[in-house]
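First residue of the sequence shown: 122, per our numbering; consecutive thereafter.
Just so it is clear, CB atoms sit at the ideal spot from N, CA and C, and this is done for glycine as well.
Keep in mind the model is a prediction, meaning the values are calculated, not measured.
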Amino acid sequence: MAFSFEKAFSTFRELWEGVAIFVDARDARGFAHAIEDVLHDGSARLEAGQAAQVRARRYAPAAMASRMAAQYAAIQRRVAA
C-alpha cells in the first residue's frame, strides 16, 4: 500500500481544524503562501495561536487521561446498577 499524506494526517486535521493551517507537503507555493498570510496578519496569527493553546490543553495527555477515567467510572457505575 502506498503512503498517503491525506490518510496519515487526517487525525491532525480533525483535531486542529480552525486553529492550524494545513498545506499539502508537496506544495511549495502553497506552503510559502500560507507562511506569508500568517506573517502579514498579526491579529489572525495571535487569535489562531491562542485558540491552538486552548486546543492543546484540551488534548494534553493528562487531560485526555482524566476524561477517559471519568468515562470508565461512569460505565462502571451503570454496569453495577
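Cα-Cα separation between Asp204 and Ile156, rounded to whole angstroms:
The requested residue 204 does not occur in the structure, where the chain is confined to residues 122 to 202.
Could you check the C-alpha separation between Ser187 and Arg150 for me, to the nearest Å?
Within the model, the alpha-carbon separation for Ser187 versus Arg150 is close to 42 Å.
Could you check where the alpha helix (DSSP H) with Gly163 kicks off and where it finishes?
Gly163 to Arg179
Would you kindly work out how many angstroms separate the C-alpha atoms of Gln171 and Met185, rounded to a whole number?
20 Å
Where Asp145 sits in the DSSP three-state scheme:
Coil at Asp145, not helix or strand.
Kindly indicate which three-state DSSP category Ala202 falls into: helix, strand or coil?
Correct three-state label for Ala202: coil.
List the whole-angstrom C-beta distance separating Trp137 from Arg176, where the pair is believed to meet the contact cut-off of C-beta under 8 Å.
7 Å
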